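First residue of the sequence shown: 101, per our numbering; consecutive thereafter. Glycine included, C-beta positions come from ideal geometry on N, C-alpha and C. Since the structure is predicted, the reported quantities are computational estimates derived from the model, not experimental observations. A short worksheet on the structure shown next.
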Amino acid sequence: MSEQPGDGSSDPAADPEPAENISGGDAGGGRAHRFESTEEPATRAEAVVDRLGERYWRKAYGGQAAFECLVRTVLSQNTSDKASQPAHDALMERYGRGGGDGEGDLAAALAAAAQDELAETISSAGLYNQKSETLIRLAGRVRDEYGGADAFDAFVTGEDPTTVRDALLEMKGVGPKTADCVLLFSGGRGGVFPVDTHVHRIARRVGLAPADADHEGVRAALERDVPAGRCGFGHTAMIQFGREFCTARNPACLDDPDACPMADVCDQVGVYPATGEVVDPAEAPEAGVD
């Protein structure tokens with residue numbers, strides 16, 4: 101079996117996503133949350149997130165088991181929900197809920213897993229050799245350092261968010277986006293805005309963050325300007341918007357400005373309908389203009 105990278109296509113026609121957002125849907129620990137915006141937005145970023153919240157996922161977050169959330173997020177790296185969801189389901193069937201050699205503890209079961217068997221189990225997620233090695237290493241650390249999945253969950257949901265984030269970032273294979281997803285989807289921490297490739301692109305293209313900002317710079321800008329209680333659905337809604345309208349290579353506004361529901365609040369940094377050119381916002385000529 102030859103390992104191939106997962107298809108990270110953002111074209112919903114070529115790579116349709118599941119009907120439920122696995123990060124924020126009921127299965128992922130999200131709870132239905134009525135969207136209300138009774139006051140004028142204090143910042144432009146808040147106004148954009150409010151608009152996205154009216155169109156897409158409106159959830160309250162938290163409740164997902166922390167280690168399973170970590171596993172799910174690792175599986176989702178460099179691939180789509182469509183590819184990672186079957187891998188997650190197959191992993192849980194084989195190693196979770198009493199499977200494997202963990203006597204009911206997912207961390208213990210994965211720590212004891214044979215790497216080739218785990219890789220085969222999660223093959224639909226792409227990069228399965230790399231991800232299986234990462235999962236086994238993370239599971240061993242959680243088992244040895246925290247005593248298992250339940251104790252890790254207590255740590256994530258009970259400790260100070262900064263302490264939890266720092267601890268997660270010390271784990272090899274866990275980057276800022278993965279750490280923030282665990283804080284948001286497991287811990288339900290307000291004010292956490294995970295930045296994936298869609299959020300990174302859109303925030304800079306719209307003009308909510310500096311055009312040359314890295315992922316951490318975008319996160320800082322959004323968490324500063326978006327109310328804490330709206331960061332969660334802002335994250336998932338921005339991802340949905342990136343898949344449906346603001347794709348990397350062919351944003352809706354490129355051919356028809358009226359095709360994008362956010363056109364009136366977007367700076368179109370790096371998008372040039374007149375020439376049909378699209379560049380990374382950091383490479384846009386206007387990015388250097390004060």
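What is the rounded straight-line gap between the Cα of D355 and the Cα of G307?
If you draw a straight line from the Cα of D355 to the Cα of G307, it comes to about 20 Å.
Alpha helix (DSSP H) containing E323: first to last residue?
Looking at the DSSP string, the run of the alpha helix (DSSP H) that includes E323 is 315-325.
Extent of the continuous alpha helix (DSSP H) to which D266 belongs
Its alpha helix (DSSP H) spans residues 261-269.
Touching by the beta-carbon criterion (3+ pairs, under 8 Å), the stretch 210-222 and the stretch 313-327:
Verdict: no, contact absent.
Extent of the continuous alpha helix (DSSP H) to which Y195 belongs:
It spans 181-195 - the alpha helix (DSSP H) in which Y195 sits, taken as one unbroken run.
Excluding five sequence neighbours on each side, which residues of the same chain lie with their C-beta closer than 8 Å to the C-beta of P381?
The residues are R301, R304, R305, A311, D312, V369, G370, A387.
Do F345 and C366 have their C-beta atoms within less than 7 Å of each other?
It is not a contact, given that the beta carbons lie outside the stated cut-off.
Pairs of beta-carbons, one from the stretch 271-286 and one from the stretch 164-178, closer than 8 Å: are there three or more?
The answer is yes - the stretch 164-178 touches the stretch 271-286, with three or more Cβ pairs under 8 Å.
Using CA coordinates, which residue listed in A239, A321, Q230, G162 is at the minimum distance from R144?
Taking only the C-alpha atoms, the option nearest R144 is A321.
Name the DSSP beta bridge partners of V371, please?
In the DSSP output, where bridge partners are listed per residue, V371 has V378.
Need the endpoints of the alpha helix (DSSP H) that K231 sits in, please.
According to the DSSP assignment, K231 belongs to the alpha helix (DSSP H) that extends over 228-241.
Let me know if A328 comes out buried or exposed under the rule of 16 or more other beta-carbons within 10 Å of its beta-carbon.
Note on A328: under 16 other CB atoms within 10 angstroms of its CB, so exposed under the neighbour-count rule.
List the whole-angstrom C-beta distance separating G393 from F293, where the pair is believed to meet the contact cut-off of C-beta under 8 Å.
Because residue 393 is not part of the residues shown, which for the chain are 101 to 390, the question remains open.
Cβ pair T179, A214 closer than 7 Å:
For the 7 Å CB-CB criterion, T179 and A214 do not form a contact.
Nearest to V295 by alpha carbon, out of M338, G258, D266, L268?
Of the listed residues, the one whose Cα sits closest to V295 is M338.
Within the same chain, show all residues whose beta-carbon is closer than 7 Å to that of T234, passing over the 5 residues directly before and after it, in chain order.
Excluding its 5 nearest sequence neighbours in each direction, T234 has C-beta neighbours in its own chain below 7 Å: V174, G273, listed in chain order.
Please work out which residues of its chain come closer than 6 Å, Cβ to Cβ, to G290, disregarding the five sequence neighbours upstream and downstream, and give them in chain order.
These residues qualify, in order along the chain: A328, G329.
Kindly indicate which residue of E154, Q185, Y156 has the alpha-carbon position closest to the one of E168.
In terms of Cα proximity to E168, the closest of E154, Q185, Y156 is Q185.
Check M362 in the structure and name its three-state DSSP category.
M362 falls in the coil class under three-state DSSP.
Can you check which of these residues, T336, G240, S232, is closest to D280 by C-alpha distance?
Of the candidates T336, G240, S232, the one whose C-alpha sits nearest the C-alpha of D280 is T336.
Which same chain residues, not among the five before or five after A239, have their C-beta less than 6 Å away from its C-beta?
Only residues of its own chain outside the window of five on either side were considered, and among them A207, L210, A211 have a CB closer than 6 Å to the CB of A239, listed in chain order.
Just to confirm, are V264 and F252 a CB contact at a threshold of 7 Å?
Going by C-beta atoms, V264 is not nearer than 7 Å to F252.
Can you tell me which of the three DSSP states D253 falls into?
Residue state for D253 is assigned as helix, using DSSP reduced to three classes.
Considering only the alpha carbon of each residue, which of I222, D244, A166 lies closest to H188?
Out of I222, D244, A166, I222 has the C-alpha closest to the C-alpha of H188.
Name the two residues that bound the continuous alpha helix (DSSP H) containing G307.
Here G307 belongs to no alpha helix (DSSP H), and DSSP marks it neither H nor E.
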